[in-house]
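Enquirer: One line per chain: the protein sequences are A and B, in this order. Residue 508, in our numbering, is where the first sequence stops; the numbers in between run on with no holes. Residue 1016, in our numbering, is where the second sequence stops; the numbers in between run on with no holes. For every residue, glycine included, the Cβ atom is placed at its ideal position computed from N, Cα and C. Keep in mind it's a predicted model, so treat the numbers as computed, not measured. Okay, here's the structure, questions in a sec.
There are 2 protein chains.
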Amino acid sequence: MTEDSAYQTLEHRFKKLAVLGGVHRMLHWDSQTMMPVGGAGDRAEQTAAIALVRHELLTDPSLDELLCRAEAVDMATLNPWKAANLVEMRRLWVHANAVDGRLVEALAKAVSASESCWREARPENDFAGFAPRMGEVLALVRETAMAKAEALDCTPYDALLDSYEPHGRGARIDALFDRLAGFLPGFLARVIEDQAAAPAPLALEGPFPIDAQRALGRRLMEAVGFDFDHGRLDESGHPFSSGTPGDTRITTRYDEADFTMSLMAVLHETGHAMYERGLPAAWRYQPVGEAAGMSVHESQSLLLEMQACRSRAFAEFAAPLMREAFGGDGPAWEAENIYRLNIRVAPGLIRVYADEVTYPAHIMLRYGLEKSLISGDLVIADLPGAWADGMNDLLGITPHNDRDGCMQDIHWAAGAYGYFPTYTLGALNAAQLYDTARSADTDIEAGLARGDFKPLLAWLRRHVHAQGASLGPAGLIEQATGRPLDVGVFERHLAARYLPSSSAAGDY
Amino acid sequence: MTEDSAYQTLEHRFKKLAVLGGVHRMLHWDSQTMMPVGGAGDRAEQTAAIALVRHELLTDPSLDELLCRAEAVDMATLNPWKAANLVEMRRLWVHANAVDGRLVEALAKAVSASESCWREARPENDFAGFAPRMGEVLALVRETAMAKAEALDCTPYDALLDSYEPHGRGARIDALFDRLAGFLPGFLARVIEDQAAAPAPLALEGPFPIDAQRALGRRLMEAVGFDFDHGRLDESGHPFSSGTPGDTRITTRYDEADFTMSLMAVLHETGHAMYERGLPAAWRYQPVGEAAGMSVHESQSLLLEMQACRSRAFAEFAAPLMREAFGGDGPAWEAENIYRLNIRVAPGLIRVYADEVTYPAHIMLRYGLEKSLISGDLVIADLPGAWADGMNDLLGITPHNDRDGCMQDIHWAAGAYGYFPTYTLGALNAAQLYDTARSADTDIEAGLARGDFKPLLAWLRRHVHAQGASLGPAGLIEQATGRPLDVGVFERHLAARYLPSSSAAGDY
């Protein structure tokens, strides 16, 4: 078998893997949107069967040999996309083969029990009841991390991170987060002071009928460029984005008393969907044709939601549509008031409700704690106390209970250690990408004010979406923006939006 | 490896096959109800990948050896369900292994092209455009039939039939259909004469809002016993039933001008769903735990729709609910009038709109033609003419075009030769089962008049649903009704319903 035929065989196998990954996501989407409660048993069997087939594909003994043969070619002579595809194939292979089947199965079972336990224990604020299940998952995740660390030649935490942020390493995140930690507390204090000094924005009075919310959401999705021939908007308990590039499915949840939360979730998930839809068609179903990890994925949702759609320009476009949708009238419905509502800052206990300024604190807290849990420096019994201390240090507030403290997220119950930092990496990526885009095309921000997202989308399609995973997350940002990721643009963005007078004075 | 451990391994493998079959059905359900048009490309890849994994499971070289070892045990000493499970496993193995991968793939591709062509050619009435694609499929189906005939030791047509009616053979169908053919034409003429002699039932005046139709459909599904914790009702181009026993999903289509068509489709598909839901939980995911083929499946939909819900008793229960749902008033909305509307007979060109009396003619026509197409006695170029002649012979009407003639169904385009007879076998099964059930429990029919389906369901659960595939279709009917399937009960049912005075006179 030649290198080339080995490579062709690999493409064939990884296509099957990717297609079955799409099946898995459709089943997940269905279970969150359509499935009746009693379908959970059959669905668990279905997702387990698909996961097993995918695991078998990646652990087939012949795969290593195929990879070795394909890798034997001089990489410098190879089409760079093929070379990058091989690198991603090998990364997926290492993740799947570093751990034996027994551990994979044990972790899957522990996660299943732990998620169920979390769903019951969280509303009851029963950390003591949840801790043993969380401990079982953590022990197996640590075992996984150590096995992968050896295979990937990195720290155990980095081995977990690598699943969500390919080739990402904690040392780089530490440097970025340290810089943020030095900036944010003082900045937050000034923003709160500044906002308190001005009259509060006027509240929008509901109720806001759900049909009208849905229609407005679809109207704005269309403005962004979402193609309903290739996607859907539905409802679920928590907003999410799923599906495949040809069939992107996003969800939101509705609250008759407040439409902005739901609408911003729609725009956020639309950002994810536009990324999937824009991935390179020529590399569809190949590892290199997929998204460049979660921090770039999150950059696309946050760029749309936070950078573009919480801007003053977008409020000018959206305010008349909101008035029309809900029969709104008066000063509360003016664009400037809606803009001010959209950028309101207030420390809070819950990550998913956090504003752009306080969100990184939620992430830095979790990042530090999960690193300590993986290293063994922190034991689960001490987690609630460490959480409370951390919240107090970072945001000056303390949770009254574990439900709104260390039990609020499903991630650790689900074994998803290493995921949290990608949210804030995503925010930094988004700021740096949007800054570059606006400099490259001045019509991007002007377009938002008239609801024209084409200039923005054209830039993102070319510099982000069409790159797939060919450059890796760090390489993508560096190529798209001309320099490695840093914190400066994010800081300047926050300053310009939240302390406009200081910013104008060059304070930041 | 002992016989017992071989059997255990087989159960494990066939469970995976069944679970992945459930995945396939969920993807199909989604593509007909939820999927945006642009998702078709990704979906085709997904269903092909699942089909391939399932085919690989069945053609794994070790499977024959496992089956031989498990079959080596004295079957008489084996638990009868295990023995029946082995028989079904072997049947599935024979079907999958009789044809080589090249033929399976060629047929799948030809079917895909032919279905697409049919969707375009049928509205255009373009038989000449469709014929070449139909011919490609037919040639590959004949090749498949001949290969399977050798493996199953039966005729090529029977080898196709066996996929839908396990262990079914054409000779038995010929005997049943010959008897029907001798009875139906004269009977139909008398029914039409009889109905023409009486004043026509009064039409129900719409429009009937779709929300009200949906609510009424759900109300009646609940009365039947459909559990919405384990199923859904949705909309699709053609009504169908899919999903898994834990998550049964049915669909209908709505027409604001006529609610009865949609409602009867709901009840028909509910019959299918109740069967799936009632399959033996102890044998879930095993071949013997599945439905006993399509003629028994269709018996459950037709028993509910035709036998139970077009009865006078059901009209008494449903008429007030219909009045309430649509604000109906006056003599047209009386139970007796609704009953008479539900049993109106009229020869027509389209199978899916046919009434209970003329439906078998549609099936006998297709059955005869497809047997000739498979044997080679009929070539595709002669199909339109043969169809027109057959329609004229059987129902005294002639299609004006091929769209409403030989191109009206997707079955042949999809390569589903051997499927059609199961519709009429289902009608015969339904009549014989319902007759036995009513004799066994006189509260079954009385229950319908008050919307109480529990007595009927209890009988079906025990004698049909809980049997799974353990007895095979013919064995199931024989055990449930005490005798082999014959045409007599169906004839008496038609006579009692459509010629009540003659029936009372013992004419039938």
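In chain order, what are the residue ranges of uninterrupted alpha helix (DSSP H) at least 4 long that sit wholly in the segment 141-228 of chain A?
Expert: You should have 156-164, 170-197 and 210-224.
Enquirer: Would L67 (chain A) pass as a contact of R90 (chain A) if the rule is Cβ separation under 7 Å?
Expert: In this structure, R90 (chain A) lies closer than 7 Å to L67 (chain A) by Cβ.
Enquirer: Report all residues from its chain with a CB closer than 7 Å to the CB of L476 (chain A); omit the five preceding and five following residues, and keep chain order.
Expert: For L476 (chain A), where only same-chain residues beyond five positions count, the Cβ hits under 7 Å are A292, V296, V464 and Q467.
Enquirer: In whole angstroms, what is the alpha-carbon distance linking D507 (chain A) and L395 (chain A)?
Expert: Since pLDDT at D507 (chain A) reaches only 43, below the 50 mark, its modelled position is unreliable, and the value read off the structure follows with that caveat. For D507 (chain A) and L395 (chain A), the distance between alpha carbons rounds to 23 Å.
Enquirer: Got a sec: which bits of the segment 732-743 of chain B sit with their beta carbon under 8 Å from any beta carbon on chain A, in order along the chain?
Expert: Under the 8 Å Cβ criterion, the segment 732-743 of chain B contributes D735, F736, D737, H738, G739 and R740.
Enquirer: E45 (chain A) CB to nearest chain B CB: under 7 Å?
Expert: Cβ-Cβ to chain B under 7 Å: yes for E45 (chain A).
Enquirer: Are G546 (chain B) and G246 (chain A) touching if we call contact CB-CB under 7 Å?
Expert: Closer than 7 Å, so yes.
Enquirer: My output table needs one value for L933 (chain B): the three-state DSSP class, helix, strand or coil.
Expert: Three-state result, L933 (chain B): helix.
Enquirer: What does the Cβ neighbour count give for H493 (chain A), buried or exposed, with the cut at 16 atoms within 10 Å?
Expert: It counts as buried.
Enquirer: Find the nearest neighbour of S513 (chain B) within the set B:R630, B:A580, B:V527 and B:P907, judged by alpha-carbon distance.
Expert: S513 (chain B) has its Cα closest to that of B:A580, out of B:R630, B:A580, B:V527 and B:P907.
Enquirer: Runs of 3 residues minimum, wholly inside the segment 870-952 of chain B: which ones carry the beta strand (DSSP E) assignment?
Expert: Correct list: empty.
Enquirer: In this structure, does DSSP put A858 (chain B) in helix, strand or coil?
Expert: The identity of residue 858 (chain B) in the sequence shown is Ile, whereas the question assumes Ala. Looking at I858 (chain B) - three-state DSSP - the assignment turns out to be coil, as it is neither helix nor strand.
Enquirer: Flag this pair as yes or no: are the beta carbons of R461 (chain A) and G289 (chain A) separated by less than 7 Å?
Expert: No, the Cβ-Cβ distance between R461 (chain A) and G289 (chain A) is not below 7 Å.
Enquirer: Taking only the alpha-carbon atoms, compute the straight-line gap between L485 (chain A) and G637 (chain B) and give it to the nearest angstrom.
Expert: Cα to Cα, the separation comes out at about 59 Å.
Enquirer: Which chain B residues are close to K16 (chain A), counting only those with a beta carbon under 9 Å from its beta carbon?
Expert: What K16 (chain A) touches in chain B: A557, L560 and V561.
Enquirer: How would you write the range of the alpha helix (DSSP H) that I343 (chain A) sits in, first residue to last?
Expert: I343 (chain A) -> no alpha helix (DSSP H), and no H or E assigned at all.
Enquirer: Please report how far the alpha carbon of E193 (chain A) lies from the alpha carbon of N392 (chain A), in whole angstroms.
Expert: Their Cα atoms are separated by approximately 19 Å.
Enquirer: Answer with buried or exposed for V887 (chain B), where buried requires no fewer than 16 other C-beta atoms within 10 angstroms of its C-beta.
Expert: V887 (chain B) is exposed by the Cβ-count criterion.
Enquirer: In whole angstroms, what is the alpha-carbon distance linking T442 (chain A) and I343 (chain A)?
Expert: T442 (chain A) and I343 (chain A): Cα-Cα distance of roughly 23 Å.
Enquirer: Looking at the C-beta of P484 (chain A), does it have a partner C-beta in chain B at a distance below 7 Å?
Expert: Not one chain B Cβ lies under 7 Å of P484 (chain A).
Enquirer: Return helix, strand or coil for A496 (chain A), following the three-state DSSP convention.
Expert: Note: A496 (chain A) maps to helix in three-state DSSP.
Enquirer: Between the Cα of W283 (chain A) and those of A:A44, A:A49 and A:P80, spot the shortest distance and give me the residue it belongs to.
Expert: The shortest Cα separation from W283 (chain A) among A:A44, A:A49 and A:P80 belongs to A:P80.
Enquirer: How many Å lie between A720 (chain B) and E743 (chain B) at the Cα?
Expert: Those two C-alpha atoms are separated by around 14 Å.
Enquirer: Identify whether S116 (chain A) lies in helix, strand or coil by the three-state DSSP scheme.
Expert: The answer is helix: DSSP assigns S116 (chain A) an H, G or I state.
Enquirer: Taking CB distances under 7 Å as the criterion, tell me whether V60 (chain A) reaches chain B.
Expert: In the sequence on display, residue 60 (chain A) carries Asp and not Val. Chain B contact via Cβ: absent.
Enquirer: Decide if the segment 417-429 of chain A is in contact with the segment 172-187 of chain A; the criterion is three or more beta carbon pairs, one per stretch, under 8 Å apart.
Expert: Touching, yes.
Enquirer: Which residues mark the beginning and the end of the alpha helix (DSSP H) in which R533 (chain B) is found?
Expert: E511 to T541 is the extent of the alpha helix (DSSP H) around R533 (chain B).
Enquirer: Decide if the segment 807-819 of chain B is in contact with the segment 939-950 of chain B; the criterion is three or more beta carbon pairs, one per stretch, under 8 Å apart.
Expert: Output reads yes: the segment 939-950 of chain B touches the segment 807-819 of chain B.
Enquirer: Sort B:A704, B:G549 and B:I871 by Cα distance to L1007 (chain B) and report the nearest one.
Expert: Comparing Cα positions, the closest option is B:A704.
Enquirer: Going by the beta-carbon positions, is the gap between A223 (chain A) and G451 (chain A) smaller than 7 Å?
Expert: Yes. Within cutoff.
Enquirer: Does V23 (chain A) come within less than 7 Å of chain B when only Cβ atoms are used?
Expert: Interface residue, yes.
Enquirer: Mind listing the chain B neighbours of G41 (chain A)? Cutoff is C-beta to C-beta under 8 Å, in chain order.
Expert: The answer, in chain order, is G754.
Enquirer: Taking only beta carbons into account, state which residues of the segment 333-350 of chain A come closer than 7 Å to chain B, listed in chain order.
Expert: From the segment 333-350 of chain A, no residue has a Cβ closer than 7 Å to chain B.
Enquirer: Leaving aside the five residues before and after E784 (chain B) along the sequence, list all residues of the same chain whose C-beta is less than 6 Å from its C-beta, in chain order.
Expert: The residues are P753 and T756.
Enquirer: Strictly below 7 Å CB to CB, what residues from chain B border V19 (chain A)?
Expert: By Cβ distance, chain B contributes E553, Q554 and A557.
Enquirer: Shorter than 7 Å from the beta carbon of V37 (chain A) to some beta carbon of chain B?
Expert: So, interface residue.
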